[in-house]
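Chemist: This is the structure I have questions about; it appears just below.
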Amino acid sequence: MARRWRRPSWSRGRPFQRPWHGPLRRGAFPRYNRNPGTGEPRATATTLRVADQEVFHDPGYPSAVLLPVRQTIR
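Plus 2 on top of the position in the sequence shown (first one is 1) and you've got the numbering used here.
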C-alpha cells in the first residue's frame, strides 16, 4: 500500500526505529542563518571558523540531545 509522506525541502529528517545512530548537524542553512563562529555579525561576516560539536554521555558529563518526535499519521 503506497502512502504519501510530505516534508519541507530543507528537512533531512526521517522516521527511524531504535537504536538510532547518525550525524548531528549544527546548521540548516538557508532556513536558519549561518553561525560564522567568530563573533562577527552574521549578515556581514567574511571569516568562518570550523566548530566541533561533542555530546558527552557518561556520569561525569550528563548531557542530553532533545529531538522532536512527531506522531506518524497512518
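Don't be surprised by glycine CBs; every beta carbon is placed ideally from N, CA and C.
Give me, in chain order, the residues of the same chain whose beta-carbon lies closer than 7 Å to that of E42; leave out the 5 immediate sequence neighbours on both sides.
Modeler: T49
Chemist: For M3, collect the residues of the same chain with a Cβ closer than 7 Å to its Cβ; drop the 5 residues on either side in sequence, then sort them by chain order.
Modeler: With a pLDDT of only 44 at M3, under the threshold of 50, the placement of this residue in the model should not be trusted; the figure read from the coordinates follows. Cβ neighbours of M3 beyond the five flanking positions: none.
Chemist: Smallest Cα separation from T46: which of A53, D54 and N35?
Modeler: Taking only the C-alpha atoms, the option nearest T46 is N35.
Chemist: Going along the chain, which residues of its own chain have a beta-carbon closer than 8 Å to the beta-carbon of P70, five neighbours each way excluded?
Modeler: none
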